[in-house]
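Chemist: Pasting a structure below so you can have a look.
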């Protein structure tokens, strides 16, 4: 849900000069062997040991350095394995021939943008709660139990284990009609959306320049760009207080977030749900359901997935990004039967399949209910955070004109700004000055893609993500937020 | 390297009938709680417990079933978390409202193709040697040491840890010019090739219908299809005993396997290496180096990567698929600087980034040399297998006219068939009759894509992959092979 990425620091690799007399440190045998290897490697790379030059025998080098002969031999073996040295019958160890070419890497650039002191931007879950022990336990079980075939190329649709576990989980928790045969495991939502757009394009789409995909307005600009890059033409699907509105006639597909619209937080109204699936049934279009927040509903019973009411018209897309962590890159598509083969084929030709170890670990977590327990605990934590946010903004000292919306579910809220107050840009500036980063509604309008900016009269609002700050930092971030919104 | 995939068995999900009187098994409390949960879930799903119906109090159900009240309460909690039940203030636990829709999944189809008794098809490494303990150890270290930010969205180029480890490893073992800033981590070779084709297309390619990509003939048909699906136009690059020949003028890129051509096993001749990079320098074309077998060279010093001699013209592509296992879906591109940003962007919009836990585990393995040790041990094992193959086919009872080629490296050999003997199809039939699967040269010619088949006078040959059969099965597979080739 985040369309920026950090330019992470690149470490410089420049070799350090090492005397060929090999000034080795005292210390553990392992440490000294490593130092010897490093010194030899640097000498070869730096050209001080030319290709073909003969190295001292292990016996002699051992005597000269005070290392054991075994240590020297191990170091020689390692560098031979690495291709620096070569053992020649009868002539001992010599420096290997290596291809010439520029070899001194340039020092890396370091350009890490400064992180904000208080981060209430939406898009990321609370990764401090990633269940490292449970994940490790599941991985251990996978690695000790999986047959060796599990390490070979796998099924592009995903492992049978995960598809079976997901079928059960999605059926019982989200009301998804999800036999394993309808599921294709993907590496997150972006990939699912991209593959699907490609498949729609390959099937003719609208012929005239790719399939037409209607996407919520406002919605995430990053996802619009994913569709465009995969060959789709994006048209707006206006969102009001009932959620996504009427589907454009010409659309081949509509992409919606029924459980908790992003960014407005609206839940799709039953009448609109019906209208969407009727549109798909009548015109043969496809509904794509992005269930990114489906697990985190606080105030009412979970709203079942739209897919459950029209499994042959709706593609259900879910991920472990919000429940566990985005870094796993694990997602799933539940497809109408006629789309399973084309999507699996698109997956095959784009990256063969998603890594199996992670898939199997997730299947373990789901099968033994650790996943349910984790989701339940996360839901409680997020609910408490949500409650705190609502209490701070609507409590004894309400902020005139600021409306807190979309808080029945998920990890973000929309704060509607008063018409007569400062606009989004002004509020963001105030926040930044106090070290607070927060999202703005403005960048989510389709018009924003053309840098036109929100049209006149469009509502102004902040998007507050409450998943991110650590437990310690959250109240402080809210303090700043209330100062920014205050008079 | 394998373009088929198993249609794996899909498990049927059909619920089993459970009496509402809940006939629970004796056994551990955990087992009985699980049985209670299952029974309730099935009852709700099957409609025997209708939405809104009230469940007995935990006290009463405990008394009726002989379970402890705590066990019953836990089961209720679990099903409430899953959305089946809901706890209503004052009216106890009731069955939740759930969306209507078809909910009984069809029984899964099971269509697993029968595996051959003896498998000498190329494309897979010896996955029985996957280093499960080392991988688990590395994963444990990652999960206990990584900061929580490691579980959030990451850099589309890959983690700094893995790019740094790869830079060192590829520099010292393959002579690759590989600062971390030049590297983009991908989910295997297929993805690297696909992204690159897309980037060439986006840069205008040849305008007229996508970039022109010259690919070795013979070569892997699967990879040609990857390029086509990503919008490329494939033209043949003929291979002779020196490897890939002259680059077509009109090509935007050429894809080659310099270390060990697939499927002929030829090593690219120095003169040809020079011609390739000269072509790229003069015409501005790009060379894509598929180093799939670079680590497994047996008879001579490793042949350094082509990239090391022309790092601004060559894209180096390597993976952990042959060294560890294809299921990890871990690969890397080392790019000319001007291509790093476009490739990282293409990666971002196609799947954001490759899963971080696997990346970090591989970085650990490389940093502590466990990766080197594993590769060295694998090289010894494969070399012994290669030696056995050569001994069986060229030893005391040679097979007239059968030439064993391409065995200086890698996991496969080309067996040239005599002009006057039975043709490929006939030999494959004989092999299949004895339960042996083996590859054929014929399907690798570009003409084969059009189902024209190999042209007249084209050499005939078998591709024997010796990575796959388990240590126990390999000699038996060779027995069958010699029978098939014998008179």
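Residue numbers (my numbering), protein chains in the order written: chain A, 1367 to 1853; chain B, 1367 to 1853.
Using N, Cα and C, we set each Cβ at its ideal position, and we do this for glycine too.
Keep in mind that this is a model prediction, so the values were computed, not measured.
Do the CB positions of residue 1832(A) and residue 1749(A) come within less than 8 Å of each other?
Modeler: Position 466 of the first chain, counted from the start, is the residue given in the question as residue 1832(A). Position 383 of the first chain, counted from the start, is the residue given in the question as residue 1749(A). No; because the gap between Cβ atoms is not below 8 Å, this pair is not in contact.
Chemist: With distances taken from CA atoms, which of 1759(A), 1744(A), 1755(A), 1415(A) is nearest residue 1688(A)?
Modeler: Counting from 1 along the first chain, the entry for residue 1688(A) is found at position 322. Ranking the options by Cα distance to residue 1688(A), first place goes to 1744(A).
Chemist: Shortest alpha-carbon distance to residue 1599(A) belongs to which of 1563(A), 1624(A), 1814(A), 1642(A)?
Modeler: As a first step, residue 1599(A) must be located in the first chain, where it is residue number 233. Residue 1563(A) is the option with its Cα nearest to residue 1599(A).
Chemist: My guess is that residue 1604(A) and residue 1583(A) are in contact by the Cβ rule of under 8 Å, so how many angstroms apart are they, rounded?
Modeler: Residue numbering aside, residue 1604(A) sits at position 238 when the first chain is read from its first letter. Residue numbering aside, residue 1583(A) sits at position 217 when the first chain is read from its first letter. At roughly 5 Å, the Cβ-Cβ gap stays under 8 Å, so residue 1604(A) and residue 1583(A) are in contact.
Chemist: Return the chain-ordered list of same chain residues with a C-beta closer than 6 Å to the C-beta of residue 1608(B), the five sequence neighbours on each side being excluded.
Modeler: Within the second chain, residue 1608(B) is the residue found at index 242, counting from 1. So the qualifying residues of the chain are 1635, 1638.
Chemist: Within the present structure, is the beta-carbon of residue 1754(B) separated from the nearest heavy atom of the ligand GTP by less than 7 Å?
Modeler: For the ligand GTP, the structure offers nothing, since it holds no ligand at all.
Chemist: In the DSSP assignment, what are the bridge partners of residue 1829(B)?
Modeler: On the second chain, position 463 is the one that residue 1829(B) refers to. Answer by DSSP bridge pairing, in chain order: 1780(B), 1805(B).
Chemist: Following the continuous beta strand (DSSP E) through residue 1656(B), name the residue where it begins and the one where it ends.
Modeler: Within the second chain, residue 1656(B) is the residue found at index 290, counting from 1. Taken as a continuous stretch (DSSP letters only), the beta strand (DSSP E) holding residue 1656(B) covers 1652 to 1656.
Chemist: Could you give the distance in angstroms between the alpha-carbon of residue 1847(B) and the alpha-carbon of residue 1561(A)?
Modeler: For the purposes of this step, residue 1847(B) is identified with residue 481 of the second chain, where counting begins at 1. For the purposes of this step, residue 1561(A) is identified with residue 195 of the first chain, where counting begins at 1. When rounded, the distance between both Cα atoms is 41 Å.
Chemist: For the 8 Å Cβ check, are there 3 or more pairs between the segment 1668 to 1679 of chain B and the segment 1641 to 1660 of chain B?
Modeler: At 8 Å Cβ cutoff, the stretches touch.
Chemist: Kindly say whether residue 1630(A), judged by its beta-carbon, lies nearer than 8 Å to any beta-carbon of chain B.
Modeler: Working through the first chain from its first residue, we reach residue 1630(A) at position 264. Answer no: the Cβ-Cβ gap between residue 1630(A) and chain B never drops below 8 Å.
Chemist: Taking any Cβ of chain B, which residues in the segment 1515 to 1527 of chain A have a Cβ under 7 Å from it, in chain order?
Modeler: Of all residues in the segment 1515 to 1527 of chain A, 1515, 1516, 1517, 1518, 1519, 1520, 1521, 1522, 1526 have a Cβ within less than 7 Å of some Cβ in chain B.
Chemist: Can you tell me whether residue 1747(A) is helix, strand or coil according to DSSP?
Modeler: Reading the first chain from its first residue, position 381 is the one you call residue 1747(A). It is helical.
Chemist: Starting from residue 1424(B), find everything on chain A with Cβ-Cβ shorter than 7 Å and list it in chain order.
Modeler: As a position in the second chain, residue 1424(B) is number 58, starting the count at 1. Ordered by position in chain A, no residue passes the 7 Å Cβ test against residue 1424(B), which lies about 18 Å from the chain.
Chemist: Alpha carbons only, please: which of 1774(B), 1759(B), 1775(B) is nearest the one belonging to residue 1768(B)?
Modeler: On the second chain, position 402 is the one that residue 1768(B) refers to. Here the closest residue by C-alpha is 1759(B).
Chemist: Looking at chain B, is there any beta carbon in it that lies within less than 8 Å of the beta carbon of residue 1465(A)?
Modeler: On the first chain, position 99 is the one that residue 1465(A) refers to. In this predicted model, residue 1465(A) has a pLDDT of only 38, less than 50, meaning its place in the structure is not dependable; the value taken from the coordinates is given anyway. It does; some Cβ of chain B falls within 8 Å.
Chemist: Looking at residue 1752(A): is its Cβ nearer than 8 Å to the Cβ of residue 1723(A)?
Modeler: To locate residue 1752(A), count along the first chain from 1; it is residue 386. To locate residue 1723(A), count along the first chain from 1; it is residue 357. No, the pair does not count as a contact, with Cβ atoms beyond the cut-off.
Chemist: Since I believe residue 1490(A) is in contact with residue 1717(B) (beta carbons under 8 Å), could you give me their beta-carbon distance rounded to a whole number of angstroms?
Modeler: As a working mapping, residue 1717(B) is identified with position 351 in the second chain. As a working mapping, residue 1490(A) is identified with position 124 in the first chain. Between residue 1490(A) and residue 1717(B) the Cβ distance is about 17 Å, and since that is not below 8 Å, they are no contact.
Chemist: Given a cut-off of 8 Å, decide if residue 1701(B) and residue 1709(B) are closer than it, judged by their beta-carbon atoms.
Modeler: By 1-based counting over the second chain, the position of residue 1709(B) is 343. By 1-based counting over the second chain, the position of residue 1701(B) is 335. Contact flag set, yes.
Chemist: Is the CB-CB distance between residue 1621(A) and residue 1651(A) below 8 Å?
Modeler: For this step, residue 1621(A) is matched to residue 255 along the first chain. For this step, residue 1651(A) is matched to residue 285 along the first chain. No; because the gap between Cβ atoms is not below 8 Å, this pair is not in contact.
Chemist: My output table needs one value for residue 1622(B): the three-state DSSP class, helix, strand or coil.
Modeler: What you label residue 1622(B) is simply residue 256 of the second chain in a count that begins at 1. Strand.
Chemist: If you pair each beta-carbon of the segment 1413 to 1425 of chain B with each one of the segment 1434 to 1444 of chain B, do three or more pairs fall below 8 Å?
Modeler: Result yes; three or more Cβ-Cβ pairs closer than 8 Å.
Chemist: Any residues in the segment 1688 to 1700 of chain B with a beta carbon nearer than 8 Å to a beta carbon of chain A? Which ones, in chain order?
Modeler: Answer in chain order: 1690, 1691, 1692, 1693, 1694, 1695, 1696.
Chemist: Could you tell me whether the Cβ atoms of residue 1804(B) and residue 1828(B) are closer together than 8 Å?
Modeler: Taking the first residue of the second chain as 1, we reach residue 1804(B) at position 438. Taking the first residue of the second chain as 1, we reach residue 1828(B) at position 462. Their beta carbons are under 8 Å apart, which means residue 1804(B) touches residue 1828(B) by this criterion.
Chemist: Which runs of the beta strand (DSSP E), 3 residues or longer, sit entirely within the segment 1687 to 1722 of chain B?
Modeler: Runs found: 1697 to 1700.
Chemist: At 7 Å on the CB atoms, spell out the chain B contacts of residue 1354(A), in chain order.
Modeler: Nothing about residue 1354(A) can be read from this structure; chain A reaches only from 1367 to 1853.
Chemist: Could you give the first and the last residue of the continuous beta strand (DSSP E) run that contains residue 1640(B)?
Modeler: In the second chain, counting from the first residue as 1, residue 1640(B) sits at position 274. That residue, residue 1640(B), is in no beta strand (DSSP E); its alpha helix (DSSP H) goes 1636 to 1649.
Chemist: Against residue 1493(A), what residues of chain B qualify as contacts under a CB-to-CB distance less than 7 Å, listed in chain order?
Modeler: Along the first chain, one-based indexing puts residue 1493(A) at 127. Result: 1514, 1515, 1517, 1518.
Chemist: Considering residue 1535(A), what are the terminal residues of the alpha helix (DSSP H) in which it resides?
Modeler: The sequence position of residue 1535(A) within the first chain is 169, counting from 1. Taken as a continuous stretch (DSSP letters only), the alpha helix (DSSP H) holding residue 1535(A) covers 1526 to 1540.
Chemist: List, in chain order, every chain A residue whose beta-carbon is nearer than 8 Å to that of residue 1608(B).
Modeler: Within the second chain, numbered from 1, the residue matching residue 1608(B) stands at position 242. Those do not exist, as residue 1608(B) stays about 18 Å from chain A at its closest Cβ, beyond 8 Å.
Chemist: So if I threshold CB-CB distances at 9 Å, which residues from the segment 1825 to 1838 of chain B count as touching chain A?
Modeler: Residues passing the 9 Å Cβ filter: 1834, 1836.
Chemist: Under 7 Å Cβ to Cβ from residue 1733(A), same chain only, skipping five residues before and after it: list those, please.
Modeler: Here the question's residue 1733(A) lines up with position 367 in the first chain. Same-chain partners within the cutoff: 1531.
Chemist: Using beta-carbon positions only, say whether residue 1459(A) and residue 1421(A) come within less than 8 Å of one another.
Modeler: The residue given as residue 1459(A) occupies position 93 in the first chain. The residue given as residue 1421(A) occupies position 55 in the first chain. Yes. Within cutoff.
Chemist: Please report how far the alpha carbon of residue 1591(B) lies from the alpha carbon of residue 1578(A), in whole angstroms.
Modeler: Within the second chain, numbered from 1, the residue matching residue 1591(B) stands at position 225. Within the first chain, numbered from 1, the residue matching residue 1578(A) stands at position 212. Approximately 26 Å, taken between the alpha carbons.
Chemist: For residue 1735(B), name the three-state secondary structure that DSSP assigns.
Modeler: In the second chain, the residue the question calls residue 1735(B) occupies position 369. DSSP places residue 1735(B) in coil when its eight states are reduced to three.
Chemist: Taking just the CA atoms, how far does residue 1843(B) sit from residue 1849(B)?
Modeler: Sequence index remark: in the second chain, residue 1849(B) carries index 483 (1-based). Sequence index remark: in the second chain, residue 1843(B) carries index 477 (1-based). Going by the C-alpha atoms only, they are around 10 Å apart.
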